[in-house]
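Residue numbers (my numbering), protein chains in the order written: chain A, 1 to 263; chain B, 1001 to 1338.
Written out as structure tokens, the structure is:
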């Protein structure tokens, strides 16, 4: 099960370290009844940085990674600032796990970018007064958290194709992307009583303020194929999450203090 | 491409044999239509030992061929005809007119190659299930056993190559998921809430839509419908159903995450991303059904705590996990690995 595709072309010494670490993890995984490959990415950030070391990161990849880092700064700062004050009750373990992941994503992307990493902006989580009680009212907190996570899913999806020439970066981005979707699903389940669906039906019936977060999610055509013969419009729209462009994402997050053109 | 190249080399080889042939006529046959007849003179560069031990003429009714009674789609059927004399002794020279005519489910033209040693060889690859009839004649008369009947059944599913193989791989996984969740909904365990049933029904519908989308996108390059065996799953047990559901969803997520870089077409990368995040939503909600208000939706054994990265697996790691549930044989030899 040695994965030569991911390790290929990298410093052999580093590969040895990763593989032997993975062997150790595999043993642990077996005892836990889990596949150890799940645990191998620990050194991935290091590896990717190493892979770039010779030629440096291409400029267009830096732009994409800094865009991702901006969103991760936003999310991590949101939970780090809000969780100490807002009462999310029984859902606290969910939010603490999400916060931990966002902090890890920041560290991972900062590590990949090195000196090219942008500086963390100063955020305004009230979005200019739209969410004044964001850190005192759990309902508002959950609303904003859901908007940030669903936006994050769409933002990564919109950048994936731009990373196609950089296999390792693409894989890393995809692996962050699906974690953001897990977060979004968990938060969506908290957002109403009874719990809302974890997937996005149509354009989610979002209030005007959040409409851009879900605009276009009602799409029922993929690769030019009309999918309505295979299910209702609701189910078809739920079955595919839609991407957002960089500009569409910025329009959503600039009110939270993200610079209009982060670089 | 390689097939075509191979056929071309065989053709060259055959023409070389024609050029070398001595004191005999060689026929190039396309399903009985004589395309080329070569009559060339005798020479000593013919191996020297190509002679008929008995000197007797060929007897079609005594000649034989190793035609199988069954065959599988996408697997070549290779036939060797042995020319014999009336005593049943093998002839060691060629030159007879051997015609193979294939009719039935896989009707196609067949080219017979004269090996110039008493053996005549040909092959064909059935692509559809059904019954084929193969008539083989030597100099116009049927050989022993002709016409032959070949029953063709479904052979290993071929993933194809490149992006098509990756999409077929996704299609196979969506078939697995949609078949499983269809069975869950049709045999829904007792004690589940109405909301729980709605969640499973939504997931079933999403997976069916994913499956049908990939099938439509692949068109005639799609692998056939696969057969699955879920007898190891206790569908009456909520715990067992949730566990198995999570196994399949996390398998799907890891597979999409680990296959994205194999794709060449950026549109396919985007559409794979559109699917995988929905699979991640499924996994999260199922895990929270099992353990409400917990970290289960993105546990540390799924999402690496140090990096916040989700599972990814290469096809070679995914297929052995899916294999116990898949009864159809699949040939993934052309699945890209880098």
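Using N, Cα and C, we set each Cβ at its ideal position, and we do this for glycine too. Please read these numbers as outputs of a predicted model, since none were measured by experiment.
Once you ignore the five residues that flank residue i on each side, which residues in its own chain have a CB closer than 8 angstroms to its CB?
i                       : result
residue 1236 of chain B : 1187, 1189, 1190
residue 1253 of chain B : 1276, 1279, 1280, 1283, 1310, 1311
residue 211 of chain A  : 203
residue 1162 of chain B : 1264, 1336
How would you call residue i, buried or exposed, if buried means at least 16 neighbouring beta carbons within 10 angstroms?
i                       : result
residue 92 of chain A   : exposed
residue 119 of chain A  : exposed
residue 249 of chain A  : buried
residue 1245 of chain B : buried
residue 260 of chain A  : exposed
residue 180 of chain A  : buried
residue 1239 of chain B : exposed
residue 1220 of chain B : exposed
residue 1127 of chain B : exposed
residue 243 of chain A  : buried
residue 1267 of chain B : exposed
residue 1249 of chain B : buried
residue 59 of chain A   : exposed
residue 1063 of chain B : buried
residue 1168 of chain B : buried
residue 1178 of chain B : buried
residue 1307 of chain B : buried
Can you check whether the C-beta of residue i is within less than 9 angstroms of a C-beta belonging to chain A?
i                       : result
residue 1256 of chain B : yes
residue 1134 of chain B : no
residue 1180 of chain B : no
residue 1148 of chain B : no
residue 1063 of chain B : no
residue 1155 of chain B : no
residue 1240 of chain B : no
residue 1270 of chain B : yes
residue 1264 of chain B : yes
residue 1279 of chain B : yes
residue 1273 of chain B : yes
residue 1245 of chain B : no
residue 1334 of chain B : no
residue 1284 of chain B : yes
residue 1188 of chain B : no
residue 1112 of chain B : no
residue 1197 of chain B : no
residue 1276 of chain B : yes
How about residue i: is its C-beta nearer than 9 angstroms to some C-beta of chain B?
i                      : result
residue 238 of chain A : yes
residue 136 of chain A : no
residue 231 of chain A : yes
residue 58 of chain A  : no
residue 252 of chain A : no
residue 207 of chain A : no
residue 103 of chain A : yes
residue 246 of chain A : no
residue 121 of chain A : no
residue 34 of chain A  : Its pLDDT being 34, under 50, residue 34 of chain A is placed unreliably in this model, and the value from its coordinates should be taken loosely. Chain B contact via Cβ: present.
residue 158 of chain A : yes
residue 144 of chain A : no
residue 110 of chain A : no
residue 198 of chain A : yes
residue 192 of chain A : no
residue 115 of chain A : no
residue 241 of chain A : yes
Which same chain residues end up closer than 7 angstroms to residue i when comparing Cβ atoms and leaving out the 5 residues on each side of it in sequence?
i                       : result
residue 1313 of chain B : 1254, 1255, 1258
residue 209 of chain A  : 130
residue 221 of chain A  : 227
residue 1203 of chain B : 1181, 1282
residue 1201 of chain B : 1185
CB-CB under 6 angstroms to residue i, same chain, minus the five flanking residues each way: which ones, in chain order?
i                       : result
residue 1141 of chain B : 1060
residue 1194 of chain B : none
Is any heavy atom in the ligand GTP found nearer than 8 angstroms to the beta carbon of residue i?
i                       : result
residue 1062 of chain B : Questions concerning the ligand GTP fall outside what the structure shown contains, since it holds no ligand whatsoever.
Next item on the list: Indicate whether the contact test is met: 3 or more Cβ pairs, each with one atom in the stretch 1119–1126 of chain B and one in the stretch 1077–1086 of chain B, closer than 8 angstroms.
Entry: yes
Margin query: Counting beta carbon pairs with one atom in the stretch 101–113 of chain A and one in the stretch 1297–1308 of chain B, are three or more of them shorter than 8 angstroms?
Written below: yes
Next item on the list: Report the residues of the stretch 172–186 of chain A with a CB closer than 9 angstroms to any CB of chain B, ordered along the chain.
Entry: 172, 173, 174, 175, 176, 177, 178, 179, 180, 181, 182, 183, 184, 185, 186
Next item on the list: May I ask you to list, following chain order, the residues of the stretch 1204–1233 of chain B that have a beta carbon less than 7 angstroms from some beta carbon of chain A?
Entry: 1205, 1206, 1208, 1209, 1210, 1212, 1213, 1216, 1217
Next item on the list: Closer than 7 angstroms, Cβ to Cβ, to anything on chain A: give me those residues from the stretch 1293–1326 of chain B, in chain order.
Entry: 1293, 1294, 1295, 1297, 1298, 1301, 1302, 1303, 1304, 1305, 1306, 1307, 1308, 1309, 1310, 1311, 1312, 1313, 1314, 1317
Note to self: Using a Cβ-Cβ cutoff of 9 angstroms, what residues of the stretch 80–102 of chain A are near chain B? List them in chain order.
What the structure shows: 89, 90, 91, 92, 93, 94, 96, 97, 98, 100, 101, 102
Item checked: Where the stretch 201–227 of chain A meets chain B: residues whose CB sits under 7 angstroms from a CB there -> 222, 223, 225, 227
Checklist line | Three-pair Cβ contact test at 8 angstroms for the stretch 1201–1216 of chain B versus the stretch 236–250 of chain A | finding: yes
Margin query: Between the stretch 1129–1144 of chain B and the stretch 1085–1104 of chain B, can you find at least three pairs of beta-carbon atoms closer than 8 angstroms?
Written below: yes
Note to self: For the structure I just gave you, are there three or more beta carbon pairs, one from the stretch 160–175 of chain A and one from the stretch 186–195 of chain A, closer than 8 angstroms?
What the structure shows: no
Checklist line | Any 3 or more C-beta pairs closer than 8 angstroms across the stretch 1086–1100 of chain B and the stretch 1068–1075 of chain B | finding: no
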